[in-house]
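J.: One structure coming up, written as C-alpha coordinates, with questions to follow.
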Amino acid sequence: MSTSIPPGLLRDLPKTDLHVHLDGSLRLPTLLELAGEQGVELPADSVEGLREAVFKDRYKDLPDYLAGFRYTVAVMQTEEALERIARELAEDNLAENVRYLEVRFAPQLHLDQGLDMRRVLEAVSRGLAAARDAHNRSDAVREGRDVPFHFGIIVCALRWFMPEMSAYYRSLFEVMPYAREKSVFAAASLELARAAVALRDREGLPIVGFDLAGAEYGNPAEDHRQAFMFAHRNFLRKTVHAGEAYGPESIFQALTDCHADRLGHGTFLFSPDRVRHPSVHEPQRYVDQLVDSIAQRRICIEVNLTSNLQTLPELADIDRHPLRHMIAHNLSATICTDNRLVSHTTVTRELELAVHAFDLDMESLRNLVVAGFKGSFFPGTYPEKRAFVRTVLNRIDHLEDAYSE
(Lines of atoms letter the chains of each structure in order from A; the text may use other names.)
(Lines give C-alpha, C1' and ligand atoms only; values in the text may rest on other atoms or scores of the structure.)
Protein backbone atom coordinates (compact mmCIF):
# COMPACT_ATOMS: atom_id res chain seq x y z
CA MET A 87 0.00 0.00 0.00
CA SER A 88 1.19 3.51 -0.76
CA THR A 89 2.55 5.12 2.40
CA SER A 90 0.07 7.98 1.93
CA ILE A 91 -2.96 5.64 1.95
CA PRO A 92 -3.86 4.52 5.48
CA PRO A 93 -4.58 0.78 5.85
CA GLY A 94 -8.32 0.13 5.94
CA LEU A 95 -9.28 3.29 4.08
CA LEU A 96 -9.82 1.48 0.79
CA ARG A 97 -12.24 -0.87 2.51
CA ASP A 98 -14.18 1.93 4.19
CA LEU A 99 -14.39 4.39 1.31
CA PRO A 100 -17.76 4.59 -0.48
CA LYS A 101 -17.19 3.09 -3.91
CA THR A 102 -18.88 2.36 -7.22
CA ASP A 103 -18.80 -0.45 -9.75
CA LEU A 104 -20.01 0.77 -13.13
CA HIS A 105 -18.86 -2.28 -15.09
CA VAL A 106 -19.86 -5.61 -13.58
CA HIS A 107 -21.51 -8.45 -15.48
CA LEU A 108 -24.28 -10.25 -13.60
CA ASP A 109 -23.53 -13.61 -15.25
CA GLY A 110 -19.85 -13.34 -14.36
CA SER A 111 -20.38 -12.47 -10.71
CA LEU A 112 -22.28 -15.33 -9.05
CA ARG A 113 -21.33 -16.83 -5.73
CA LEU A 114 -19.93 -20.31 -6.40
CA PRO A 115 -22.08 -21.99 -3.70
CA THR A 116 -25.13 -20.44 -5.35
CA LEU A 117 -24.07 -21.75 -8.76
CA LEU A 118 -23.68 -25.25 -7.30
CA GLU A 119 -27.03 -25.09 -5.52
CA LEU A 120 -28.97 -23.79 -8.53
CA ALA A 121 -27.33 -26.31 -10.85
CA GLY A 122 -28.40 -29.12 -8.53
CA GLU A 123 -31.98 -27.83 -8.36
CA GLN A 124 -32.26 -27.29 -12.11
CA GLY A 125 -30.40 -30.37 -13.33
CA VAL A 126 -27.60 -28.35 -14.95
CA GLU A 127 -24.47 -30.47 -15.29
CA LEU A 128 -21.28 -28.83 -14.04
CA PRO A 129 -17.68 -30.03 -14.54
CA ALA A 130 -17.23 -30.31 -10.75
CA ASP A 131 -19.45 -30.66 -7.70
CA SER A 132 -17.58 -28.48 -5.21
CA VAL A 133 -16.32 -24.93 -4.91
CA GLU A 134 -12.73 -26.14 -5.00
CA GLY A 135 -13.40 -28.33 -8.01
CA LEU A 136 -15.02 -25.52 -9.98
CA ARG A 137 -12.13 -23.19 -9.19
CA GLU A 138 -9.68 -25.76 -10.47
CA ALA A 139 -11.66 -26.75 -13.57
CA VAL A 140 -13.31 -23.51 -14.68
CA PHE A 141 -12.93 -20.39 -12.54
CA LYS A 142 -9.16 -20.26 -12.30
CA ASP A 143 -6.62 -17.77 -11.03
CA ARG A 144 -5.13 -17.49 -14.51
CA TYR A 145 -6.54 -18.16 -17.98
CA LYS A 146 -4.64 -19.03 -21.14
CA ASP A 147 -6.74 -16.76 -23.39
CA LEU A 148 -10.11 -15.02 -23.75
CA PRO A 149 -12.04 -18.18 -24.79
CA ASP A 150 -10.72 -19.90 -21.66
CA TYR A 151 -11.84 -16.92 -19.58
CA LEU A 152 -15.30 -17.01 -21.13
CA ALA A 153 -15.79 -20.78 -20.77
CA GLY A 154 -17.47 -20.50 -17.39
CA PHE A 155 -20.31 -18.35 -18.68
CA ARG A 156 -21.95 -21.38 -20.29
CA TYR A 157 -22.57 -22.71 -16.77
CA THR A 158 -23.60 -19.46 -15.09
CA VAL A 159 -26.03 -18.49 -17.84
CA ALA A 160 -27.50 -22.01 -17.79
CA VAL A 161 -28.75 -21.58 -14.20
CA MET A 162 -30.05 -18.04 -14.84
CA GLN A 163 -33.20 -18.96 -16.72
CA THR A 164 -35.84 -18.51 -14.00
CA GLU A 165 -37.12 -15.44 -12.20
CA GLU A 166 -36.22 -16.92 -8.83
CA ALA A 167 -32.61 -17.57 -9.84
CA LEU A 168 -32.16 -14.14 -11.42
CA GLU A 169 -33.65 -12.36 -8.42
CA ARG A 170 -31.46 -14.29 -5.98
CA ILE A 171 -28.25 -13.77 -7.96
CA ALA A 172 -28.92 -10.04 -8.30
CA ARG A 173 -29.67 -9.68 -4.59
CA GLU A 174 -26.53 -11.55 -3.60
CA LEU A 175 -24.41 -9.44 -5.95
CA ALA A 176 -25.77 -6.26 -4.36
CA GLU A 177 -25.18 -7.67 -0.87
CA ASP A 178 -21.58 -8.58 -1.72
CA ASN A 179 -21.00 -5.05 -2.98
CA LEU A 180 -22.64 -3.48 0.05
CA ALA A 181 -20.37 -5.53 2.32
CA GLU A 182 -17.30 -3.77 0.85
CA ASN A 183 -18.96 -0.33 0.95
CA VAL A 184 -19.91 -0.06 -2.70
CA ARG A 185 -22.72 2.48 -2.62
CA TYR A 186 -23.54 2.77 -6.29
CA LEU A 187 -23.78 -0.24 -8.60
CA GLU A 188 -24.57 -0.60 -12.29
CA VAL A 189 -25.25 -4.23 -13.18
CA ARG A 190 -25.06 -5.21 -16.82
CA PHE A 191 -26.16 -8.34 -18.66
CA ALA A 192 -27.76 -9.50 -21.92
CA PRO A 193 -31.47 -10.24 -21.25
CA GLN A 194 -31.72 -12.16 -24.53
CA LEU A 195 -29.47 -14.87 -23.04
CA HIS A 196 -32.02 -15.67 -20.34
CA LEU A 197 -35.12 -16.61 -22.34
CA ASP A 198 -34.60 -20.37 -22.73
CA GLN A 199 -37.37 -21.41 -20.32
CA GLY A 200 -40.14 -19.14 -21.50
CA LEU A 201 -39.30 -15.85 -19.85
CA ASP A 202 -39.56 -12.62 -21.80
CA MET A 203 -37.31 -9.60 -21.41
CA ARG A 204 -39.75 -7.82 -19.10
CA ARG A 205 -39.83 -10.68 -16.60
CA VAL A 206 -36.05 -11.08 -16.75
CA LEU A 207 -35.42 -7.41 -16.05
CA GLU A 208 -38.10 -7.24 -13.38
CA ALA A 209 -36.55 -10.18 -11.54
CA VAL A 210 -33.08 -8.63 -11.55
CA SER A 211 -34.52 -5.30 -10.42
CA ARG A 212 -36.38 -6.96 -7.54
CA GLY A 213 -33.21 -8.63 -6.32
CA LEU A 214 -31.17 -5.43 -6.41
CA ALA A 215 -33.98 -3.45 -4.80
CA ALA A 216 -34.31 -5.92 -1.92
CA ALA A 217 -30.65 -5.40 -0.97
CA ARG A 218 -30.94 -1.64 -1.46
CA ASP A 219 -34.01 -1.31 0.71
CA ALA A 220 -32.53 -3.36 3.54
CA HIS A 221 -29.43 -1.15 3.57
CA ASN A 222 -31.25 2.15 3.22
CA ARG A 223 -33.54 1.32 6.16
CA SER A 224 -30.53 0.91 8.45
CA ASP A 225 -29.97 3.27 11.38
CA ALA A 226 -26.59 4.29 9.96
CA VAL A 227 -28.15 5.58 6.74
CA ARG A 228 -31.15 7.21 8.44
CA GLU A 229 -28.85 8.97 10.91
CA GLY A 230 -26.42 10.13 8.23
CA ARG A 231 -23.52 7.92 9.33
CA ASP A 232 -23.49 5.96 6.08
CA VAL A 233 -24.19 6.62 2.40
CA PRO A 234 -27.42 5.26 0.89
CA PHE A 235 -27.17 2.65 -1.85
CA HIS A 236 -28.41 3.19 -5.39
CA PHE A 237 -28.28 0.99 -8.49
CA GLY A 238 -29.04 0.92 -12.18
CA ILE A 239 -29.32 -1.77 -14.83
CA ILE A 240 -27.44 -1.70 -18.14
CA VAL A 241 -28.67 -3.98 -20.91
CA CYS A 242 -26.00 -5.53 -23.15
CA ALA A 243 -26.33 -6.02 -26.87
CA LEU A 244 -23.84 -8.45 -28.38
CA ARG A 245 -21.52 -7.71 -31.30
CA TRP A 246 -21.64 -11.38 -32.28
CA PHE A 247 -23.53 -14.51 -31.24
CA MET A 248 -24.36 -18.02 -32.40
CA PRO A 249 -27.85 -19.58 -32.60
CA GLU A 250 -26.99 -22.09 -29.88
CA MET A 251 -26.25 -19.34 -27.36
CA SER A 252 -29.96 -19.01 -26.50
CA ALA A 253 -33.44 -19.83 -27.71
CA TYR A 254 -33.92 -16.17 -28.59
CA TYR A 255 -30.94 -16.15 -30.94
CA ARG A 256 -32.02 -19.43 -32.52
CA SER A 257 -35.45 -18.00 -33.25
CA LEU A 258 -33.93 -14.86 -34.74
CA PHE A 259 -31.84 -16.87 -37.17
CA GLU A 260 -34.96 -18.88 -38.07
CA VAL A 261 -37.08 -15.83 -38.91
CA MET A 262 -34.18 -14.19 -40.80
CA PRO A 263 -32.78 -17.24 -42.63
CA TYR A 264 -31.51 -15.33 -45.65
CA ALA A 265 -30.11 -12.32 -43.85
CA ARG A 266 -26.42 -11.69 -43.50
CA GLU A 267 -25.13 -12.47 -40.02
CA LYS A 268 -24.41 -8.81 -39.36
CA SER A 269 -28.05 -8.00 -40.10
CA VAL A 270 -29.18 -10.57 -37.52
CA PHE A 271 -26.84 -9.11 -34.90
CA ALA A 272 -28.09 -5.60 -35.66
CA ALA A 273 -31.74 -6.72 -35.46
CA ALA A 274 -31.19 -8.22 -32.00
CA SER A 275 -29.55 -5.01 -30.79
CA LEU A 276 -32.36 -2.82 -32.09
CA GLU A 277 -35.03 -5.02 -30.50
CA LEU A 278 -33.18 -4.84 -27.18
CA ALA A 279 -32.88 -1.05 -27.37
CA ARG A 280 -36.61 -0.71 -28.09
CA ALA A 281 -37.50 -3.07 -25.24
CA ALA A 282 -35.21 -1.25 -22.81
CA VAL A 283 -36.72 2.15 -23.56
CA ALA A 284 -40.28 0.79 -23.36
CA LEU A 285 -39.68 -1.00 -20.05
CA ARG A 286 -38.00 2.06 -18.59
CA ASP A 287 -40.76 4.44 -19.69
CA ARG A 288 -43.88 2.27 -19.32
CA GLU A 289 -42.93 -0.06 -16.47
CA GLY A 290 -40.59 2.24 -14.56
CA LEU A 291 -37.75 -0.27 -14.50
CA PRO A 292 -34.36 1.21 -13.48
CA ILE A 293 -32.72 0.66 -16.88
CA VAL A 294 -30.09 3.38 -17.08
CA GLY A 295 -27.88 2.36 -19.98
CA PHE A 296 -27.34 0.44 -23.20
CA ASP A 297 -24.10 -1.45 -23.87
CA LEU A 298 -22.39 -3.32 -26.67
CA ALA A 299 -20.23 -6.28 -25.63
CA GLY A 300 -18.46 -9.18 -27.27
CA ALA A 301 -15.67 -9.81 -29.74
CA GLU A 302 -14.50 -6.52 -31.27
CA TYR A 303 -12.34 -7.85 -34.09
CA GLY A 304 -14.42 -8.25 -37.24
CA ASN A 305 -17.57 -7.04 -35.48
CA PRO A 306 -17.46 -3.23 -35.61
CA ALA A 307 -19.70 -1.07 -33.49
CA GLU A 308 -20.97 0.71 -36.60
CA ASP A 309 -23.04 -2.43 -37.39
CA HIS A 310 -25.18 -1.51 -34.37
CA ARG A 311 -25.56 2.17 -35.21
CA GLN A 312 -29.35 1.99 -35.58
CA ALA A 313 -29.84 0.52 -32.09
CA PHE A 314 -27.60 3.10 -30.50
CA MET A 315 -29.28 5.92 -32.39
CA PHE A 316 -32.64 4.70 -31.03
CA ALA A 317 -31.20 4.71 -27.50
CA HIS A 318 -29.66 8.14 -28.11
CA ARG A 319 -32.92 9.66 -29.36
CA ASN A 320 -34.74 8.30 -26.32
CA PHE A 321 -32.24 9.60 -23.77
CA LEU A 322 -30.98 6.16 -22.77
CA ARG A 323 -27.32 6.56 -21.93
CA LYS A 324 -24.69 4.51 -23.73
CA THR A 325 -21.52 2.67 -22.86
CA VAL A 326 -19.55 0.47 -25.24
CA HIS A 327 -16.92 -2.23 -24.72
CA ALA A 328 -14.21 -0.67 -26.88
CA GLY A 329 -10.45 -0.86 -27.02
CA GLU A 330 -10.51 -4.08 -25.02
CA ALA A 331 -9.21 -6.29 -27.79
CA TYR A 332 -8.89 -3.83 -30.67
CA GLY A 333 -7.27 -0.46 -31.10
CA PRO A 334 -8.09 3.26 -31.02
CA GLU A 335 -10.34 3.03 -34.09
CA SER A 336 -12.79 0.88 -32.13
CA ILE A 337 -12.94 3.56 -29.45
CA PHE A 338 -13.51 6.23 -32.11
CA GLN A 339 -16.41 4.20 -33.51
CA ALA A 340 -17.93 3.88 -30.05
CA LEU A 341 -17.87 7.65 -29.67
CA THR A 342 -19.07 8.57 -33.15
CA ASP A 343 -21.32 5.73 -34.34
CA CYS A 344 -22.72 4.82 -30.91
CA HIS A 345 -22.64 8.22 -29.16
CA ALA A 346 -21.00 6.55 -26.16
CA ASP A 347 -21.22 8.44 -22.87
CA ARG A 348 -18.70 6.03 -21.31
CA LEU A 349 -16.16 3.49 -22.53
CA GLY A 350 -15.73 -0.05 -21.26
CA HIS A 351 -12.04 -0.95 -20.87
CA GLY A 352 -10.33 1.40 -23.36
CA THR A 353 -7.21 -0.73 -22.87
CA PHE A 354 -5.60 0.03 -26.21
CA LEU A 355 -6.44 3.72 -26.29
CA PHE A 356 -2.73 4.65 -26.22
CA SER A 357 -1.66 2.20 -28.96
CA PRO A 358 -0.91 3.92 -32.30
CA ASP A 359 0.61 0.66 -33.52
CA ARG A 360 -2.89 -0.82 -33.52
CA VAL A 361 -4.36 1.78 -35.87
CA ARG A 362 -5.22 -0.13 -39.04
CA HIS A 363 -7.31 2.07 -41.35
CA PRO A 364 -5.33 3.28 -44.38
CA SER A 365 -6.90 6.73 -44.15
CA VAL A 366 -5.02 7.37 -40.90
CA HIS A 367 -1.61 8.58 -42.07
CA GLU A 368 -0.32 9.73 -38.69
CA PRO A 369 -1.35 7.15 -36.06
CA GLN A 370 0.29 8.96 -33.14
CA ARG A 371 -1.45 12.22 -34.02
CA TYR A 372 -4.73 10.31 -34.35
CA VAL A 373 -4.28 8.83 -30.86
CA ASP A 374 -3.29 12.17 -29.36
CA GLN A 375 -6.39 13.84 -30.74
CA LEU A 376 -8.61 10.96 -29.62
CA VAL A 377 -7.22 11.09 -26.08
CA ASP A 378 -7.67 14.86 -25.92
CA SER A 379 -11.26 14.57 -27.16
CA ILE A 380 -12.06 12.00 -24.46
CA ALA A 381 -10.46 14.23 -21.84
CA GLN A 382 -12.23 17.38 -23.02
CA ARG A 383 -15.63 15.67 -23.07
CA ARG A 384 -15.04 13.92 -19.73
CA ILE A 385 -15.92 10.54 -21.21
CA CYS A 386 -15.52 8.17 -18.28
CA ILE A 387 -13.47 4.99 -18.85
CA GLU A 388 -14.47 1.83 -16.96
CA VAL A 389 -11.11 0.25 -16.07
CA ASN A 390 -10.89 -3.48 -15.27
CA LEU A 391 -7.34 -4.30 -14.23
CA THR A 392 -7.55 -7.98 -13.28
CA SER A 393 -9.70 -9.12 -16.21
CA ASN A 394 -7.41 -7.27 -18.64
CA LEU A 395 -4.39 -9.07 -17.19
CA GLN A 396 -6.23 -12.38 -17.46
CA THR A 397 -7.37 -12.02 -21.08
CA LEU A 398 -4.66 -9.97 -22.79
CA PRO A 399 -1.24 -11.63 -23.13
CA GLU A 400 0.17 -8.21 -24.07
CA LEU A 401 -0.37 -7.13 -20.48
CA ALA A 402 1.85 -9.71 -18.85
CA ASP A 403 2.55 -7.25 -16.06
CA ILE A 404 0.24 -4.69 -14.49
CA ASP A 405 2.93 -2.03 -14.98
CA ARG A 406 2.03 -2.13 -18.67
CA HIS A 407 -1.62 -1.30 -18.05
CA PRO A 408 -2.62 2.05 -19.56
CA LEU A 409 -4.28 3.27 -16.36
CA ARG A 410 -0.98 5.02 -15.65
CA HIS A 411 -1.36 7.01 -18.89
CA MET A 412 -5.05 7.68 -18.23
CA ILE A 413 -4.16 9.26 -14.90
CA ALA A 414 -1.26 11.23 -16.42
CA HIS A 415 -3.57 12.62 -19.11
CA ASN A 416 -6.21 13.58 -16.53
CA LEU A 417 -8.82 11.30 -18.07
CA SER A 418 -11.94 10.43 -16.13
CA ALA A 419 -11.29 6.80 -15.14
CA THR A 420 -13.03 4.61 -12.60
CA ILE A 421 -12.05 1.20 -11.24
CA CYS A 422 -14.45 -1.70 -11.88
CA THR A 423 -14.46 -5.48 -11.45
CA ASP A 424 -15.88 -6.72 -14.80
CA ASN A 425 -16.62 -10.20 -13.38
CA ARG A 426 -16.28 -10.78 -9.65
CA LEU A 427 -16.41 -14.58 -9.93
CA VAL A 428 -14.44 -15.15 -13.12
CA SER A 429 -11.71 -12.70 -12.11
CA HIS A 430 -11.69 -13.57 -8.38
CA THR A 431 -11.92 -9.94 -7.44
CA THR A 432 -13.73 -7.13 -5.64
CA VAL A 433 -13.75 -3.37 -6.07
CA THR A 434 -11.51 -3.03 -3.02
CA ARG A 435 -9.00 -5.50 -4.45
CA GLU A 436 -8.95 -3.65 -7.79
CA LEU A 437 -8.26 -0.38 -6.01
CA GLU A 438 -5.49 -2.05 -4.02
CA LEU A 439 -3.92 -3.24 -7.27
CA ALA A 440 -4.03 0.29 -8.68
CA VAL A 441 -2.58 1.86 -5.54
CA HIS A 442 0.29 -0.64 -5.37
CA ALA A 443 1.10 -0.74 -9.10
CA PHE A 444 1.00 2.97 -9.73
CA ASP A 445 1.98 4.28 -6.28
CA LEU A 446 -1.14 6.41 -6.06
CA ASP A 447 -1.40 9.19 -3.51
CA MET A 448 -4.64 10.15 -1.80
CA GLU A 449 -5.54 12.73 -4.42
CA SER A 450 -5.23 10.23 -7.26
CA LEU A 451 -7.17 7.60 -5.33
CA ARG A 452 -9.90 10.10 -4.54
CA ASN A 453 -10.15 11.06 -8.21
CA LEU A 454 -10.63 7.41 -9.25
CA VAL A 455 -13.30 6.85 -6.62
CA VAL A 456 -15.20 10.07 -7.25
CA ALA A 457 -15.07 9.56 -11.03
CA GLY A 458 -17.28 6.52 -10.58
CA PHE A 459 -20.00 8.51 -8.85
CA LYS A 460 -19.77 11.46 -11.23
CA GLY A 461 -19.65 9.22 -14.32
CA SER A 462 -22.57 7.07 -13.23
CA PHE A 463 -25.85 6.83 -15.13
CA PHE A 464 -27.66 7.70 -11.91
CA PRO A 465 -31.38 6.73 -12.05
CA GLY A 466 -32.68 10.14 -11.05
CA THR A 467 -32.57 13.80 -11.96
CA TYR A 468 -29.35 15.74 -12.21
CA PRO A 469 -30.06 17.66 -8.96
CA GLU A 470 -30.68 14.32 -7.22
CA LYS A 471 -27.39 12.97 -8.56
CA ARG A 472 -25.53 16.10 -7.40
CA ALA A 473 -27.01 15.72 -3.93
CA PHE A 474 -25.95 12.06 -3.82
CA VAL A 475 -22.42 12.90 -4.96
CA ARG A 476 -22.22 15.61 -2.30
CA THR A 477 -23.18 13.02 0.34
CA VAL A 478 -20.40 10.78 -0.95
CA LEU A 479 -17.84 13.59 -0.91
CA ASN A 480 -18.77 14.45 2.67
CA ARG A 481 -18.31 10.82 3.68
CA ILE A 482 -14.89 10.67 1.98
CA ASP A 483 -13.84 13.87 3.75
CA HIS A 484 -14.95 12.41 7.07
CA LEU A 485 -13.00 9.18 6.49
CA GLU A 486 -9.87 11.03 5.40
CA ASP A 487 -9.99 13.10 8.59
CA ALA A 488 -10.63 10.04 10.75
CA TYR A 489 -7.73 8.08 9.23
CA SER A 490 -5.33 11.02 9.50
CA GLU A 491 -5.82 11.33 13.27
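Going by the numbering used here, the first residue of the sequence shown is number 87, and it counts up by one from there.
Every residue, glycine too, gets a C-beta built ideally from N, C-alpha and C.
1) Do you know offhand how far residue 180's Cα is from residue 221's?
2) Kindly indicate the opening and closing residues of the alpha helix (DSSP H) around residue 207.
3) Alpha carbon to alpha carbon, how far is residue 443 from residue 124?
4) Any chance you could list the beta strand (DSSP E) runs of at least 3 consecutive residues sitting entirely within the stretch 280 to 349, in chain order?
5) Can you find the residues in the same chain that come closer than 6 Å, C-beta to C-beta, to residue 234, ignoring five residues on each side of it along the sequence?
6) Give the straight-line distance between the Cα atoms of residue 364 and residue 185, rounded to the nearest whole angstrom.
7) Does the beta-carbon of residue 263 have 16 or more other beta-carbons within 10 angstroms, so that it is buried, or is it exposed?
8) Using only alpha-carbon positions, find the residue among 428, 194, 96, 290 that is nearest to residue 437.
9) Quickly, what does DSSP pair residue 419 with across the bridge? List them, please.
10) Looking only at C-alpha atoms, which of 200, 411, 355, 415 sits nearest to residue 382?
11) Inspect the CB distances between the stretch 420 to 431 and the stretch 111 to 118 and report whether three or more fall short of 8 Å.
12) Could you check which residue in 91, 100, 105, 101 has the C-alpha nearest to that of residue 298?
13) Buried or exposed for residue 146, going by 16 or more other Cβ atoms inside 10 Å?
14) Which residues share a DSSP beta bridge with residue 243?
15) Just to confirm the assignment: which complete alpha helix (DSSP H) runs, minimum length 4, are found wholly within the stretch 136 to 190?
16) Would you report the Cα separation of residue 204 and residue 285, rounded to the nearest angstrom?
17) How would you write the range of the beta strand (DSSP E) that residue 112 sits in, first residue to last?
18) Residues bridged to residue 237 by DSSP?
19) Going by alpha carbons, who is nearest to residue 292 out of 315, 247, 238?
20) Out of curiosity, what's the CA-to-CA distance linking residue 346 and residue 161?
21) Which same chain residues end up closer than 6 Å to residue 356 when comparing Cβ atoms and leaving out the 5 residues on each side of it in sequence?
22) Taking the alpha helix (DSSP H) that residue 434 falls in, what are its first and last residues?
23) Sort 479, 389, 462 by Cα distance to residue 440 and report the nearest one.
24) Just mark residue 488 as buried or exposed, buried being the case when its beta carbon has 16 or more other beta carbons within 10 Å.
25) Excluding the 5 residues preceding and the 5 following residue 394 in the sequence, name in chain order all residues of the same chain whose CB lies nearer than 6 Å to its CB.
26) Alpha carbon to alpha carbon, how far is residue 491 from residue 241? Give it in angstroms, no decimals.
27) So the candidates are 296, 310, 116, 280; which of them puts its Cα closest to the Cα of residue 269?
28) Out of curiosity, what's the CA-to-CA distance linking residue 465 and residue 290?
29) Reducing DSSP to helix, strand and coil, say where residue 484 ends up.
30) Assign residue 334 to one of two classes, buried (16 or more other C-beta atoms within 10 Å of its C-beta) or exposed (fewer than that).
31) Alpha carbon to alpha carbon, what distance is there between residue 100 and residue 470?
32) With DSSP collapsed to three states, give me the class of residue 104.
33) So residue 338 and residue 398 are supposed to be a Cβ contact under 8 Å. How far apart are they, rounded?
34) Please report the distance separating the alpha-carbon of residue 271 from that of residue 151.
35) Let's test the definition: count the other Cβ atoms within 10 Å of the Cβ of residue 468 and tell me whether it reaches 16, buried, or not, exposed.
T.: Here's the rundown:
1) Locating residue 180 in the sequence shown gives position 94, counting from the first residue. Locating residue 221 in the sequence shown gives position 135, counting from the first residue. One C-alpha to the other measures close to 8 Å.
2) The count along the sequence shown starts at 1 and reaches residue 207 at position 121. Where residue 207 is concerned, the enclosing alpha helix (DSSP H) stretches over 203 to 222.
3) Your numbering for residue 443 matches position 357 in the sequence shown. Your numbering for residue 124 matches position 38 in the sequence shown. Using only the alpha carbons, I get a separation of about 43 Å.
4) 293 to 299, 323 to 328
5) Position 148 of the sequence shown, counted from the first residue, corresponds to residue 234. Taken in chain order, the residues that qualify are 222, 227.
6) Numbered from 1 along the sequence shown, position 278 holds the residue referred to as residue 364. Numbered from 1 along the sequence shown, position 99 holds the residue referred to as residue 185. Rounded to whole angstroms, residue 364 to residue 185 spans 45 Å at the Cα level.
7) Taking the first residue of the sequence shown as position 1, residue 263 is located at position 177. Label assigned to residue 263: exposed.
8) Numbered from 1 along the sequence shown, position 351 holds the residue referred to as residue 437. When each option's Cα is compared against that of residue 437, the closest is 96.
9) Translated into the one-based positions of the sequence shown, residue 419 becomes position 333. Answer is 387, bridged to residue 419.
10) Here residue 382 refers to the residue found at position 296 of the sequence shown. It is 415 whose Cα lies nearest to the Cα of residue 382.
11) yes
12) Against the sequence shown, residue 298 aligns to sequence position 212. Answer by Cα proximity: 105.
13) In the sequence shown, counting from the first residue as 1, residue 146 sits at position 60. Counting Cβ neighbours within 10 Å, residue 146 comes out exposed, since fewer than 16 surround it.
14) Against the sequence shown, residue 243 aligns to sequence position 157. Residue 243 pairs with 298.
15) 148 to 152, 155 to 160, 165 to 181
16) Walking along the sequence shown from the start, residue 204 turns up at place 118. Walking along the sequence shown from the start, residue 285 turns up at place 199. Spanning the two alpha carbons is a distance of roughly 7 Å.
17) Sequence index remark: in the sequence shown, residue 112 carries index 26 (1-based). First-last for residue 112: undefined, no H or E at that position.
18) Taking the first residue of the sequence shown as position 1, residue 237 is located at position 151. Answer by DSSP bridge pairing, in chain order: 187.
19) Position 206 of the sequence shown, counting from 1, holds the residue named residue 292. Looking at the Cα atoms, 238 is the closest of the given residues.
20) To locate residue 346, count along the sequence shown from 1; it is residue 260. To locate residue 161, count along the sequence shown from 1; it is residue 75. For residue 346 and residue 161, the distance between alpha carbons rounds to 32 Å.
21) Taking the first residue of the sequence shown as 1, we reach residue 356 at position 270. Once the five neighbours on either side are set aside, the close Cβ partners of residue 356 are 408, 411.
22) Here residue 434 refers to the residue found at position 348 of the sequence shown. Per DSSP, residue 434 belongs to the alpha helix (DSSP H) from 433 to 444.
23) In the sequence shown, counting from the first residue as 1, residue 440 sits at position 354. For the residues 479, 389, 462, the minimum Cα distance to residue 440 belongs to 389.
24) One-based indexing of the sequence shown puts residue 488 at position 402. Classification for residue 488: exposed.
25) Locating residue 394 in the sequence shown gives position 308, counting from the first residue. Once the five neighbours on either side are set aside, the close Cβ partners of residue 394 are 353, 401.
26) Residue numbering aside, residue 241 sits at position 155 when the sequence shown is read from its first letter. Residue numbering aside, residue 491 sits at position 405 when the sequence shown is read from its first letter. Going by the C-alpha atoms only, they are around 44 Å apart.
27) To locate residue 269, count along the sequence shown from 1; it is residue 183. Of the listed residues, the one whose Cα sits closest to residue 269 is 310.
28) Numbered from 1 along the sequence shown, position 379 holds the residue referred to as residue 465. Numbered from 1 along the sequence shown, position 204 holds the residue referred to as residue 290. Whole-angstrom Cα-Cα distance: 11 Å.
29) In the sequence shown, counting from the first residue as 1, residue 484 sits at position 398. Residue 484: helix per DSSP, three-state reduction.
30) For this step, residue 334 is matched to residue 248 along the sequence shown. Flag for residue 334 reads buried.
31) Numbered from 1 along the sequence shown, position 384 holds the residue referred to as residue 470. Numbered from 1 along the sequence shown, position 14 holds the residue referred to as residue 100. Their Cα atoms are separated by approximately 18 Å.
32) Against the sequence shown, residue 104 aligns to sequence position 18. Strand at residue 104.
33) The residue given as residue 338 occupies position 252 in the sequence shown. The residue given as residue 398 occupies position 312 in the sequence shown. Incorrect: roughly 20 Å between the Cβ atoms, too far for contact.
34) For this step, residue 271 is matched to residue 185 along the sequence shown. For this step, residue 151 is matched to residue 65 along the sequence shown. The straight-line gap from Cα to Cα measures roughly 23 Å.
35) Taking the first residue of the sequence shown as position 1, residue 468 is located at position 382. Looking at its Cβ environment, which holds fewer than 16 other Cβ atoms inside 10 Å, residue 468 is exposed.
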